[in-house]
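Protein sequence lines, in the order shown, are assigned to chains A and B.
Going by UniProt numbering, the first sequence opens with residue 1, and the numbers climb by one from there.
Going by UniProt numbering, the second sequence opens with residue 1, and the numbers climb by one from there.
Don't be surprised by glycine CBs; every beta carbon is placed ideally from N, CA and C.
Report on the following structure.
Number of protein chains: 2
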Amino acid sequence: MPRRPALSHDRIIDAAVRVADRGGLTQVSMRNVGKELGVEAMSLYHHVTGKEALLDELVNWFFTRIELPDPRQPWRRAMADRAASARTAVSEHPWALGLIESRTNSVPALLRHHDTVLGCLRRNGFSVALAAHAFSAIDAYVYGFVLTELNLPFEAGEGVDEFVDQLRRRVPLDDYPHLAEMITEQVVNRSYDYADEFEFGLDLILDSLQARLLADGAAE
Amino acid sequence: MPRRPALSHDRIIDAAVRVADRGGLTQVSMRNVGKELGVEAMSLYHHVTGKEALLDELVNWFFTRIELPDPRQPWRRAMADRAASARTAVSEHPWALGLIESRTNSVPALLRHHDTVLGCLRRNGFSVALAAHAFSAIDAYVYGFVLTELNLPFEAGEGVDEFVDQLRRRVPLDDYPHLAEMITEQVVNRSYDYADEFEFGLDLILDSLQARLLADGAAE
DNA sequence: ACCTGAACACCGTTCAAGT
DNA sequence: ACCTGAACACCGTTCAAGT
Chain A
1 MPRRPALSHD
11 RIIDAAVRVA
21 DRGGLTQVSM
31 RNVGKELGVE
41 AMSLYHHVTG
51 KEALLDELVN
61 WFFTRIELPD
71 PRQPWRRAMA
81 DRAASARTAV
91 SEHPWALGLI
101 ESRTNSVPAL
111 LRHHDTVLGC
121 LRRNGFSVAL
131 AAHAFSAIDA
141 YVYGFVLTEL
151 NLPFEAGEGV
161 DEFVDQLRRR
171 VPLDDYPHLA
181 EMITEQVVNR
191 SYDYADEFEF
201 GLDLILDSLQ
211 ARLLADGAAE
Chain B
1 MPRRPALSHD
11 RIIDAAVRVA
21 DRGGLTQVSM
31 RNVGKELGVE
41 AMSLYHHVTG
51 KEALLDELVN
61 WFFTRIELPD
71 PRQPWRRAMA
81 DRAASARTAV
91 SEHPWALGLI
101 ESRTNSVPAL
111 LRHHDTVLGC
121 LRRNGFSVAL
131 AAHAFSAIDA
141 YVYGFVLTEL
151 NLPFEAGEGV
161 DEFVDQLRRR
171 VPLDDYPHLA
181 EMITEQVVNR
191 SYDYADEFEF
201 GLDLILDSLQ
211 ARLLADGAAE
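Below is the structure:
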């Protein structure tokens with residue numbers, strides 16, 4: 001009678017996700033994942049080819065977290081919802097960004113995703129070419145935004161004040177007049193929230209796409 | 001009489017860049033950087049605090065590679081040039097993307113950069129708020145585009161054919177009809193080049209920004 | 001079939017020792 | 001001042017051995 005459930009493919013991936021969520025990508029070692037399951041590292045090799053394969057599966061797991069666009073929604077709403085879902089997925093599992101680099105090969109969940117998004121656009125009057133443009137632009141923006149958001153030297157919310165204090169102590173702000181102007185404006189005007197930037201930038205792209213879509217329709 | 005120049009801060013960073021360019025971020029170890037300089041790993045600690053500090057300096061080195069926007073250019077041209085420069089910098093040193101995640105603290109070259117960009121926008125009639133929006137959107141797009149470009153499962157140029165062949169062998173393309181449609185269109189129409197997507201998406205953002213800028217001006 | 005101990009070739013880092 | 005050898009606590013992975 002085993003005290004803990006037997007090892008399995010899925011249990012290993014779940015354990016790896018827990019380790020990554022807790023301590024970041026650097027903590028994901030075969031030894032640590034084994035420890036998470038109360039097992040020696042070597043046991044994992046009976047269920048997983050190796051560490052590279054495990055990381056590939058982590059990427060796939062991550063893409064299953066992003067909601068597929070709802071085919072019944074109008075395209076603009078569907079794209080905005082998908083972007084929001086991708087964004088929350090990355091902020092809950094920021095280690096995914098570090099993995100995505102050069103690891104998109106053989107990620108089934110990603111293919112499923114791409115196909116559904118393209119279908120949504122095509123069904124809404126996008127030409128193949130415009131759908132490709134739209135997909136590329138939206139995807140780049142969403143990933144890039146989360147990447148830059150992760151890099152903000154302060155945490156979301158009220159950390160801005162402490163950040164400004166720290167910065168003032170370390171950096172001669174007089175050397176960066178425009179940065180200083182923006183920071184003081186942000187601090188004075190407490191309504192600023194970097195998270196709002198996400199929708200603003202996305203709307204820039206969606207507005208232009210809408211215009212291109214109408215122009216295409218008029219040209220036919 | 002030393003056969004090779006003495007170790008120094010800058011020589012260590014240059015060596016680390018060479019190692020990263022050659023073998024990616026995983027190859028950047030204190031031992032390998034030492035080997036690149038014909039020196040034991042332990043010698044590096046006399047010039048660099050440790051590996052984390054070395055990686056911080058690599059990020060800073062990377063940002064010095066991106067051209068600052070030319071203050072004499074109109075804003076749209078300046079932003080497009082900067083975006084192109086950032087893009088080529090990342091494709092020459094793709095390891096930088098993996099580093100940028102949560103390492104933006106204390107990167108002087110990045111502050112210089114941000115300030116110059118903001119200055120360019122402000123001088124061209126952007127309000128502080130619109131300049132912040134513009135900066136955030138463009139930056140996110142540029143990084144995100146290169147990130148997704150790195151993930152393309154084929155190399156730039158003629159690799160598309162081989163990729164389609166490979167994909168056909170591994171994946172049931174019938175399950176992904178819209179993906180199949182796009183791929184066949186791309187292969188039939190040989191003029192497709194993913195690199196063209198970069199400018200198209202950037203123009204989507206810049207077009208909308210221009211419209212917002214005009215609306216702001218009209219409102220005053 | 002499933003798990004493990006010992007071993008190998010790697011890491012980053014410290015510290016006492018050499019020149 | 002600058003470099004190093006040995007040591008420590010980590011990696012991923014193999015392989016023969018245990019149940």
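CA-to-CA distance, residue 65 (chain B) to residue 139 (chain A), given in whole angstroms: Taking the first residue of the first sequence as position 1, residue 139 (chain A) is located at position 139. Taking the first residue of the second sequence as position 1, residue 65 (chain B) is located at position 65. Each residue's Cα considered, the two are about 25 Å apart.
Neighbourhood of residue 218 (chain B) by C-beta, 8 Å cutoff - its chain only, sequence neighbours within 5 removed: On the second sequence, residue 218 (chain B) is found 218 positions in, with the first residue counted as 1. Excluding residues within five positions, none has a Cβ falling inside 8 Å.
Residue 130 (chain A) versus residue 204 (chain B) - alpha carbon distance: As a position in the first sequence, residue 130 (chain A) is number 130, starting the count at 1. As a position in the second sequence, residue 204 (chain B) is number 204, starting the count at 1. Each residue's Cα considered, the two are about 12 Å apart.
Complete runs of the alpha helix (DSSP H) confined to the segment 92-132 of chain B [at least 4 residues]: Scanning the segment 92-132 of chain B from its first residue to its last, the whole alpha helix (DSSP H) runs of 4-plus residues come out as 95-100 and 108-123.
Rounded C-alpha distance that separates residue 193 (chain B) from residue 37 (chain B): Numbered from 1 along the second sequence, position 193 holds the residue referred to as residue 193 (chain B). Numbered from 1 along the second sequence, position 37 holds the residue referred to as residue 37 (chain B). Near 40 Å, if we compare the C-alpha coordinates of residue 37 (chain B) and residue 193 (chain B).
First through last residue of the alpha helix (DSSP H) which encompasses residue 23 (chain B): In the second sequence, the residue the question calls residue 23 (chain B) occupies position 23. Run containing residue 23 (chain B): 9-23, per the alpha helix (DSSP H) assignment.
Proximity of residue 85 (chain B) and residue 216 (chain B) at Cβ, strictly below 9 Å: By 1-based counting over the second sequence, the position of residue 85 (chain B) is 85. By 1-based counting over the second sequence, the position of residue 216 (chain B) is 216. Taking 9 Å as the Cβ cut-off, residue 85 (chain B) and residue 216 (chain B) do not qualify as a contacting pair.
Proximity to residue 257 (chain A) [Cα-Cα], best of A:213, A:6 and A:81: Outside the modelled stretch of chain A, which goes from 1 to 220, sits residue 257 (chain A), for which no answer is possible.
With 16 other Cβ atoms within 10 Å as the buried cut-off, status of residue 113 (chain A): For the purposes of this step, residue 113 (chain A) is taken as residue 113 along the first sequence, with counting starting at 1. Counting C-beta atoms within 10 angstroms of its own C-beta, residue 113 (chain A) has 16 or more neighbours from the protein chains shown and is therefore classed as buried.
Euclidean distance between Cα positions of residue 80 (chain A) and residue 47 (chain B): Within the first sequence, the letter at position 80 stands for residue 80 (chain A). Within the second sequence, the letter at position 47 stands for residue 47 (chain B). Approximately 49 Å, taken between the alpha carbons.
Start and end residues, alpha helix (DSSP H) containing residue 208 (chain B): If you number the second sequence from 1, residue 208 (chain B) lands on position 208. Where residue 208 (chain B) is concerned, the enclosing alpha helix (DSSP H) starts and stops at 194-219.
Residue 177 (chain A), buried or exposed, once every other Cβ within 10 Å from all chains shown has been counted against 16: Residue numbering aside, residue 177 (chain A) sits at position 177 when the first sequence is read from its first letter. Exposed: under 16 other Cβ atoms inside 10 Å.
Cβ of residue 60 (chain B) within 9 Å of any chain A Cβ: Residue mapping note: residue 60 (chain B) aligns to position 60 of the second sequence, counting from 1. Not an interface residue.
Stretch pair the segment 182-189 of chain B + the segment 178-185 of chain A: three plus CB contacts closer than 8 Å: Verdict: no, contact absent.
Residue-level contact to chain A via CB, residue 156 (chain B), 9 Å cutoff: Mapped onto the second sequence, residue 156 (chain B) falls at position 156. Residue placement at residue 156 (chain B) is poorly supported in this model, since its pLDDT is 49, which falls under 50; the coordinates are not used for a value here.
Whether residue 59 (chain B) touches residue 107 (chain B) by CB criterion (9 Å): As a working note, residue 59 (chain B) is residue 59 in the second sequence. As a working note, residue 107 (chain B) is residue 107 in the second sequence. Taking 9 Å as the cut-off, the Cβ atoms of residue 59 (chain B) and residue 107 (chain B) count as close.
Whole-Å CB distance - residue 173 (chain A) paired with residue 100 (chain B), under 8 Å assumed: In the first sequence, counting from the first residue as 1, residue 173 (chain A) sits at position 173. In the second sequence, counting from the first residue as 1, residue 100 (chain B) sits at position 100. Taking the Cβ atoms as the reference, residue 173 (chain A) lies roughly 23 Å from residue 100 (chain B), outside the contact range of under 8 Å.
Helix, strand or coil at residue 85 (chain A) [DSSP, three-state]: The sequence position of residue 85 (chain A) within the first sequence is 85, counting from 1. Here residue 85 (chain A) carries a helix assignment [DSSP, helix/strand/coil].
Minimum Cβ-Cβ distance from residue 92 (chain A) to chain B less than 9 Å: By 1-based counting over the first sequence, the position of residue 92 (chain A) is 92. It does not; no Cβ of chain B falls within 9 Å.
Inter-residue Cα distance where the pair is residue 196 (chain B) and residue 39 (chain B): Looking up residue 196 (chain B) in the second sequence gives position 196. Looking up residue 39 (chain B) in the second sequence gives position 39. Roughly 45 Å between the two C-alpha positions.
Residue 60 (chain B), enclosing alpha helix (DSSP H) - first and last residue: Taking the second sequence and counting its residues from 1, the one referred to as residue 60 (chain B) is at position 60. 51-64 is the extent of the alpha helix (DSSP H) around residue 60 (chain B).
C-alpha distance - residue 116 (chain B) paired with residue 71 (chain B), whole-angstrom precision: Along the second sequence, one-based indexing puts residue 116 (chain B) at 116. Along the second sequence, one-based indexing puts residue 71 (chain B) at 71. Computed Cα separation, rounded: 8 Å.
Residue 10 (chain B) versus residue 26 (chain B): straight-line alpha-carbon distance, rounded: Walking along the second sequence from the start, residue 10 (chain B) turns up at place 10. Walking along the second sequence from the start, residue 26 (chain B) turns up at place 26. Their Cα atoms are separated by approximately 21 Å.
Endpoints, the alpha helix (DSSP H) within which residue 178 (chain A) is located: What you label residue 178 (chain A) is simply residue 178 of the first sequence in a count that begins at 1. Per DSSP, residue 178 (chain A) belongs to the alpha helix (DSSP H) from 177-188.
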